[in-house]
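S.K.:
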Amino acid sequence: MIKVGVIGLGAIGQRLIRGFQEHPEMEIAAVCDSLQTRAKETAAELGGIPSYVDHQEMLEKTELDLVYVAVPPKFHHAVASDVLTKGIHILCEKPLANSVEEAESLLKQAQDAGVVHAMNFPLNYSAGSKTFEKLIKENSVGKLRRVQLKMHFPQWPRPWQQNAWVASKEQGGYVLEVGVHFIQQLQKIFGSVTVKDVQVQFPEDPQASENAILAILELSDGTPVLIDGMSQIAGKEEIAFTAYGDEGTLSLLNWGQLVGGKLGEEILPLNTDESLTDSLVDNLVKAIKGEEATIINFAAGYEAQVILEQLRKG
Ligand SMILES: NC(=O)c1ccc[n+]([C@@H]2O[C@H](COP(=O)([O-])OP(=O)(O)OC[C@H]3O[C@@H](n4cnc5c(N)ncnc54)[C@H](O)[C@@H]3O)[C@@H](O)[C@H]2O)c1
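Going letter by letter, the sequence shown gives residues 6 to 319 in our numbering.
1) Measuring CB to CB, does residue 87 end up less than 7 angstroms from residue 116?
2) Between residue 268 and residue 231, what straight-line distance do the alpha-carbon atoms span, to the nearest angstrom?
3) Less than 6 angstroms separating the Cβ of residue 123 from some heavy atom of ligand 1?
4) Compute the beta-carbon to beta-carbon distance between residue 181 and residue 100, rounded to the nearest angstrom, for a pair I have assumed lies under 8 angstroms.
5) Should residue 162 and residue 172 be called a contact, given that it needs their Cβ atoms to be closer than 7 angstroms?
6) Identify which residue in 206, 42, 220, 139 has its Cα closest to the Cα of residue 198.
7) Tell me where the beta strand (DSSP E) around residue 236 begins and ends.
8) Under the criterion of a Cβ to heavy atom distance below 6 angstroms, does residue 283 qualify as lining ligand 1?
9) What is the DSSP secondary structure of residue 2, reduced to helix, strand or coil?
10) Three or more C-beta pairs under 8 angstroms: does that hold for the region 11-30 against the region 69-85?
11) Taking 7 angstroms as the limit between beta carbons, can you name the residues of its chain near residue 310, skipping five residues before and five after?
12) Let me check one thing: in DSSP terms, what residues is residue 12 bridge-paired to?
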């Protein structure tokens, strides 16, 4: 059995706990949250396993094979670094850290530790985004003319993720929280990218995260990438990752829905290839057992952070 420790039991920590529980080769051995009531409640739900408010104490007292770090971004570096010091396999939430320097130091530490170092970028395991990638690789849009990421939110933070950190400039905002998923996809599918021009707007509150971004990036062959983000606007949430080619258009809408069309045609829904659906937890188990696995590692987390920080700073 792979013994898992979870640090950070908020919205996302709880979500992945279910994934660990469902895997026959995994066992959640301990949980930790700085909110004691949350740590105790989760431990009780998991059958009375040990709970901690201090992650160092958990790392000292429990024998663990894998630790999942799901605390807010500004704590990723300190917590993940302590996990790596113990030489334990690690799954870290995105973004890898809260600055390029922190991300670089975690990458180096992870490589030196010789452990499995994985990031939770779920798009790499879901049918919609994997079908998008497959269609791009099959040249379904022809020669690429532009990639575009649209992130429009009527309200930020979103109603389901109301917390102070995600609303803050210090460690939140949608460029960090949502944009980084697509920066990673952009780099994985289309290769390296450089930032050419960024305009970020912030509300009056100096602590608050951005309410608009307009950025131009460039792929290595010169293809432009346009990022168009807005919040506090009318209408519905819309997240669209679109490839425009000289033969057609393909979009991944709202994380999972594919639409597209050839030149001269309408944009219509497309089928996703459900057989491409994969599981992060299954792949973690394989990687820990030394088998071939799809892992988005800290190197990919670092590459995404380099672009993210240029966009956030404006
Ligand atoms: N991969 C995804 O799709 C996805 C989706 C949402 C959030 N996230 C990421 O997951 C992380 C957590 O987000 P969330 O929405 O669950 O946040 P959250 O605020 O709901 O939960 C964070 C939890 O961590 C606890 N915590 C804070 N500092 C701690 C510390 N030092 N030690 C132990 N516990 C601590 C808090 O008490 C809280 O319970 C963030 O990095 C976020 O970017 C990823």
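The beta carbon of each residue, even a glycine, is placed where N, CA and C say it ideally should be.
M.R.: Result, derived from the coordinates:
1) Taking 7 angstroms as the Cβ cut-off, residue 87 and residue 116 do not qualify as a contacting pair.
2) If you take the alpha carbons of residue 268 and residue 231, they lie about 21 angstroms apart.
3) Not one heavy atom of ligand 1 lies closer than 6 angstroms to the C-beta of residue 123.
4) Contact holds; Cβ gap of about 6 angstroms.
5) For residue 162 and residue 172, yes; Cβs fall inside 7 angstroms.
6) The option with the nearest alpha carbon to residue 198 is 220.
7) Going by DSSP, residue 236 is part of the beta strand (DSSP E) stretching over 229-236.
8) Checking every heavy atom of ligand 1 against the Cβ of residue 283, none is found closer than 6 angstroms.
9) Coverage of the chain is limited to positions 6 through 319, which leaves residue 2 absent and any answer about it impossible.
10) Touching, yes.
11) These residues qualify, in order along the chain: 100, 101, 102, 105, 108.
12) Note: residue 12 is bridge-paired with 37, 74 in the DSSP secondary-structure output.
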